[in-house]
Amino acid sequence: MKTQGKVASIPYTLERRRTSRLISVRVLADGTVKVNAPYRVSLAAIERVIVSHQETLRQAIVDQKMHLHTYQNGDVFLFGGEQYTLELRQGTKQGIVLDGDSLVVTYCGEKVQPLVVQRMIKELYRKTVKARLEPLVTLWAGRLGVAKPPFSVRDSRSRWGSCSAKGRLNFSLRCQILDETQLSYLVLHEMAHLVHFNHSKDFHALLALHMSSYKQVQASIFALQKQSQLYL
Ligand SMILES: [Zn+2]
C-alpha cells in the first residue's frame, strides 16, 4: 500500500510492506523520497525518523536533482569518459551524432520533446556500448580461461552489470558513460563471477591478479553513479 505525505516540508512516498522489518528512508535518483515501513509502525514514528534526518535528506535531494538531465541545449552527457554538450538543431532528417565536443540531435518540425531526445541518446548509448563490450568480453574470456559468455545490453538504472547463475551477462546501456579502463574493469568483474559466483576473498584476489588498480577503478565508477541517471 502506497501513500503520499509531507513532513518538515519534505514530500515522501510511504510504502507499507509485510516483509519490512525496519523503517527505511531513501532518496531516489529523481530526488524523491521513498519510505518503506512495516504495517505496525505508526505514521508519527515514521515522520519522526524523517524529521530527525531532515538535514541529510535535504542535501541528498539537492545533490540528486543537480544531476538530473534536462535534455535541453547545454545539458552535458558523458560518453566514453568524455563530456559532450547537447545541441538541438532543427533539420530535415532526425538524427544523433557526436561533433567535436557536442552531442548533436537533429529534429524535424517545430520543436522536440525531451522524451524523444532521451530515447535517441539511450539508443546511441546502447548501440555504442554494445560494440565496445564485444571485444572486451572476448579479451577477458581469454585471460580468465572461460568460454565467451552471451551478453546483452539493457535499460537498467539500478546496476551497471550483472552475471546470472546460468552465466549470462547483462550490462546497462549507461555503461557507455564509462571510459575504456572503467568498462574493462566492469567486464572483468562480471566475468570473474563465472569463476567465483560471489564476492569472496578469492573473487577479489582474482580481480587484483588481473587488474592491480581495480579498487581505484571501482571507486571512480561509484563516483559516477549520480551522473549515470538518464531520466528526467
Ligand atoms: Zn559482483
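For the sequence shown, full-length UniProt numbering gives the first residue as 1, with consecutive numbering after it.
Glycine residues also receive a C-beta, built at the ideal position from the N, C-alpha and C atoms.
On a predicted model such as this, the values are computed, not experimentally measured, just so you know.
- The way I'd put it, the region 44-54 doesn't touch the region 75-93; fewer than three beta-carbon pairs between them come closer than 8 Å.
- By the rule of a C-beta closer than 6 Å to any heavy atom of ligand 1, the residues picked out are His189, His193 and His199.
- Excluding residues up to 5 positions away in sequence, Thr13, Arg26 and Leu28 lie with their Cβ nearer than 6 Å to the Cβ of Lys34 in the same chain.
- For Leu115, the number of other beta carbons within 10 angstroms of its own is below 16, and it is reported as exposed.
- In the DSSP assignment, the residues bridged to Gln4 are Thr13.
- If you draw a straight line from the Cα of Ser42 to the Cα of Gln54, it comes to about 19 Å.
- Pairing Gln218 with Val105, the inter-Cα distance amounts to about 32 Å.
- Judged by DSSP secondary structure, Tyr71 falls outside any alpha helix (DSSP H); it is assigned neither H nor E.
- In the structure shown, the three-state DSSP call for Thr56 is helix.
- Secondary structure of Lys127 (DSSP, three-state): helix.
- For Ser212, the three-state secondary structure derived from DSSP is coil.
- Cβ-Cβ separation between Leu178 and Pro149: approximately 19 Å, too far for a contact (criterion under 8 Å).
- According to DSSP, Arg143 shares a beta bridge with no other residue.
- Boundaries for Leu178: no alpha helix (DSSP H) harbours it, and the DSSP string shows neither H nor E there.
- In this structure, DSSP gives Asp99 an extended state, which the three-state scheme calls strand.
- Arg21 carries a coil assignment under DSSP once its states are collapsed to helix, strand and coil.
- Linking Asn73 to Leu103 through their CA atoms gives a straight-line distance of about 10 Å.
- Note that the C-beta distance between Ala141 and Met191 is below 8 Å.
- Residue burial annotation: Gly161 is buried, with at least 16 other C-beta atoms found within 10 angstroms of its C-beta.
- Where Arg154 is concerned, the enclosing beta strand (DSSP E) starts and stops at Phe151 to Arg154.
- Residue pairing for Phe79: DSSP places it in a beta bridge opposite Glu82.
- When secondary structure is reduced to three states using DSSP, Gln90 falls in the strand class.
- About 6 Å separates the Cβ atoms of Leu133 and Phe151, confirming a contact at the 8 Å cut-off.
- Cβ-Cβ distances below 6 Å link Gln176 to Tyr125, Thr128 and Val129 in the same chain, with the five nearest sequence neighbours on each side left out; the list follows chain order.
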